[in-house]
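Counting with our numbering, you get residues 2 to 598 for the letters of the sequence shown.
Taking it in order: structure first as structure tokens, then the write-up.
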Amino acid sequence: MSGVTRFTATALRRRARPLGRLAGWSAAEALPTLLAGYLTARAVDDGFLAGRPETGLAWLGVLAVAVVIGAVGTNRAYACLGDVVEPFRDELAGRVVTGALHRSTAAGARPETSAVARLTHQVEIVRDTFAGLVMVVRGFLFTAGAALLGLFSLTPVVAGVVAVPLVAGLVLFAAALPAMVARQRDYVTADERLGEAAGAAFAGHRDVVACGAQEIVANRVGRQVDRQARAEHALARMAALRSLSLAVGGWLPLAVLLLAAPWLVRRGLTAGAVLGALVYVATGLQPALHALVQGVAGGGLRFAVTLDRILAATTLGSDTDTPLNGLATVGAVDAVPPRTGAAAGIAYRAGSAWAELREVTFRYGPRARPVLDGFDLTLGEGAYLAVVGPSGAGKSTLAGLLAGLLRPQAGTVLLGGTPIGAADPATLARHRVMIPQEAYVFAGTLLENLRYLCPGAGQDRVDAAVHRLGLLPLVRRLGGLTATVDPTALSAGERQLVAAVRAYLSPAPLAILDEATCHLDPVAEATVEEVFGTRPGALVVVAHRISSALRARQVLILDGGRPLCGRHDELLARSATYRELVGHWQGDPVSSEVPAI
């Protein structure tokens, strides 16, 4: 829990001024506790027992005024609580969001959907329990402190007698607190594992019955049930220990005071003083200790365990990559050989290609058939590669590997000579730009959308890209580049054109079009691909139509077997799959079974 303590202490130190205001109003709130015993003693001794009831009522009137002041203090204390708790909640929510974005946008990472649960549920649990803890702890400190101070002013002997069991109860509770936290964590973990085991058994109950594995699965779930039961029993024993500390620190002082009352009277203590001491213990110390023990043992444990899980899950840089061993080599593909060249602002090793795959093996799952196996590819300056093949052959997988969005289980992917495993998202963005099938346009001006990947692009360069890629009709319809874009008002094709201009303006030397023109008509598609083909660097087009392969300098055919790379005329002679694809799109299929491109 050191991380929880450190995080909480740091957050509280940054809010010293709100805490100071909270402490001031808490002192006002504790005023009735400070005066209750003393005013009661004066009302009894100087008023009611002395035959002067008006004096006794006057003392009680002073207590009533103190109660009103205490009520104001309580109201203002709750108003100050938000200044302490809400920034803490905002800081924690920011940590969750930052950590989720950091891991989800890392190369090869998948979106972290569990962050939604942490943000909407766990952060709110921490917020609520933190607020409760702040109120409970400050309430105990000020209330118990006021009661002990009042007792000391009334009779120092009684204050000493009461303080000893109070401190003993607190020490007992503090000693048991780490064990309580551990038991609470074990209970939460056991409950989660039971849910996972039961959910898996229920989801696969048909397979379980079909395989005759009912007893095995029942035993597996049963072990989790037993573990959860043991954790719950251990947590219940901690509740008994909590009650013991409350009895020692809360009830024992009251019992000691009652038993010692005759001795105290013989020592000269008045009846009013004895009654005042009882008021301090019964209405000050005992409720404060009860609230502290129940609050810390209940909400405090939830706070510590939940915050610990959030901190562990949102630690940046905690993820590690463990590559798996690859399978035997299937084949090798050489695209355009590397040439000398570099785009401005890009770190480029002399003699290396813009993108390179070396003996890459990738599969979706440890037992799945490899999509790519021992795959080699080199893309140098001027490369223009079209990737074609049936659906599911691995075209988009290859695009994801080149873009650094997927990590291979074996082999190496390099961008500009740098392994993608050593590149952060900003570095990847400088080396490659990728347009997926579903283009993204954000709310803002059209110019902001186009300059998003190159904020420094000059107006002349933007205008030239708009003209060359065919976006000018949309610009005119919207009312100019400074017009605000409503993404929902654009067609899928218009969004793809906006994304194409944005990618074209990017300084990244490697452009990857993953069916990025599928919503455009053939003429517009040809325009986009031809313009990108003249762009400095390298171009990879995952083809939506076979015409993309006809325009490319090199074509890579993926069909689940040995990948082949070559010019269009070469592949027509070497690949039956490629002939089928070309025949299908040109209206002269050579096979009755034509796979989709």
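Every residue gets a Cβ at the ideal spot worked out from N, C-alpha and C, and that includes glycine.
Is the beta carbon of residue j closer than 8 Å to that of residue i?
i, j, result
"ALA283", "LEU312", "no"
"GLY505", "VAL532", "First, the residue type needs correcting, since residue 505 is Tyr and not Gly in the sequence shown. Their beta carbons are under 8 Å apart, which means TYR505 touches VAL532 by this criterion."
"GLY412", "ALA424", "no"
"THR41", "LEU276", "yes"
"THR130", "ARG15", "no"
"SER244", "PHE174", "no"
"VAL127", "LEU308", "yes"
"LEU258", "VAL165", "no"
"PRO437", "ASP377", "no"
"VAL556", "HIS569", "yes"
What does a CB cutoff of less than 8 Å around residue i pick up in its chain, not counting 5 residues either side in sequence?
i, result
"THR330", "Residue confidence for THR330 is low, a pLDDT of 27 falling below 50, so the modelled location carries little weight and cannot support an answer."
"GLY74", "TRP26, SER27, ALA28, ALA29, GLU30, ALA31, LEU32"
"ALA272", "VAL45, ASP46, LEU50, VAL266"
"VAL168", "GLY250"
"ALA509", "ALA344, ILE347, ALA430, ARG431, HIS432, ARG433, VAL434, LEU454, GLY538"
"LEU521", "GLY494, GLN497, LEU498, VAL529"
"ASN326", "Low confidence applies here, because ASN326 scores a pLDDT of 29, under 50, leaving its location unreliable and the question unanswered by this model."
"LEU470", "LEU498, ALA501, VAL502, TYR505, THR528, VAL529, VAL532"
"VAL124", "ARG90, LEU93, ALA94, VAL97, ILE311"
Return helix, strand or coil for residue i, following the three-state DSSP convention.
i, result
"ALA387", "strand"
"ARG207", "helix"
"CYS566", "strand"
"ALA343", "A caution first: ALA343 carries a pLDDT of 34, below 50, which makes its placement in the model too unreliable to give a value."
"GLY327", "Model confidence at GLY327 stands at a pLDDT of 29, short of 50, so the residue's coordinates are unreliable and nothing is read from them."
"THR34", "helix"
"GLU516", "coil"
"VAL249", "helix"
"ALA509", "coil"
"PRO535", "It should be noted that the sequence gives Thr, not Pro, for residue 535. Coil."
"PRO19", "helix"
"ALA394", "coil"
"ILE558", "strand"
"GLY375", "strand"
"LEU403", "helix"
"LEU358", "strand"
"LEU50", "coil"
"SER353", "A caution first: SER353 carries a pLDDT of 48, below 50, which makes its placement in the model unreliable, though a value can still be read off. Three-state DSSP puts SER353 in coil, outside helix and strand."
Only counting the same chain, and skipping five residues up and downstream in sequence, which positions put a Cβ closer than 6 Å to that of residue i?
i, result
"ALA356", "LEU380, LEU403, LEU416, LEU511"
"GLN287", "GLY251"
"ASP187", "ALA232"
Using CA coordinates, which residue listed in the options is at the minimum distance from residue i?
i, options, result
"ALA298", "LEU429, VAL182, ASP192, LEU407", "VAL182"
"SER644", "LEU559, LEU386, PHE443", "Lying outside 2 to 598, the shown extent of the chain, residue 644 is not represented and no answer is given."
"PRO157", "PRO426, ARG268, ILE436, ALA525", "ARG268"
"ASP192", "GLN225, VAL210, ALA164, VAL556", "GLN225"
"VAL442", "ALA490, GLU233, VAL124", "ALA490"
"MET136", "ALA305, ALA292, LEU482", "ALA292"
"ALA241", "ALA180, VAL159, ALA544, ARG462", "ALA180"
"GLY62", "ARG43, ALA465, ASP208, ALA78", "ARG43"
"LEU572", "GLY300, ALA484, VAL389", "VAL389"
"ASP464", "THR9, LEU482, ALA274", "LEU482"
Less than 7 Å between the CB of residue i and some heavy atom of the ligand MG, yes or no?
i, result
"ALA80", "The ligand MG is absent from the structure shown, which contains no ligands of any kind."
Within a Cβ cutoff of 7 Å, which residues of the same chain sit near residue i, ignoring the five residues on either side of it in sequence?
i, result
"ARG503", "ASN450, LEU451, TYR453, LEU454"
"PRO371", "LEU328, THR362, PHE363, ARG364"
"LEU20", "LEU13, VAL85"
"ALA147", "ALA31, THR34, LEU35, GLY285"
"ARG536", "TYR505, ALA512"
"ALA354", "PRO339, THR379, LEU380, GLY381"
"GLY395", "VAL372, LEU373, LEU559"
"SER576", "ILE558, LEU565"
"ALA553", "TYR385, LEU386, ALA387, VAL542"
"VAL189", "VAL306"
"TYR39", "GLY151, SER154, LEU155, GLY277"
"VAL222", "ALA198, ALA199, ALA202"
"VAL467", "LEU473, VAL476, VAL502"
"LEU149", "ALA160, ALA164"
"THR144", "ALA31, THR34, GLY285, ALA289"
"VAL68", "PRO33"
With a threshold of 8 Å between beta carbons, is residue i in contact with chain B?
i, result
"ASP47", "Among the protein chains of the structure shown there is no chain B, as only one such chain exists."
- Item | Residue ranges of each alpha helix (DSSP H) within the segment 407–444, 4 or longer | 426–432
| message | Which runs of the alpha helix (DSSP H) at least 4 residues long sit entirely within the segment 271–295? Give them in chain order. | response | 272–281
Complete runs of the beta strand (DSSP E) confined to the segment 128–166 [at least 3 residues]: none
Considering only residues of the segment 447–529, which uninterrupted beta strand (DSSP E) runs meet the minimum length of 3 residues and lie entirely inside it, listed in chain order? 511–515
_Just to confirm the assignment: which complete alpha helix (DSSP H) runs, minimum length 4, are found wholly within the segment 185–245?_
206–212
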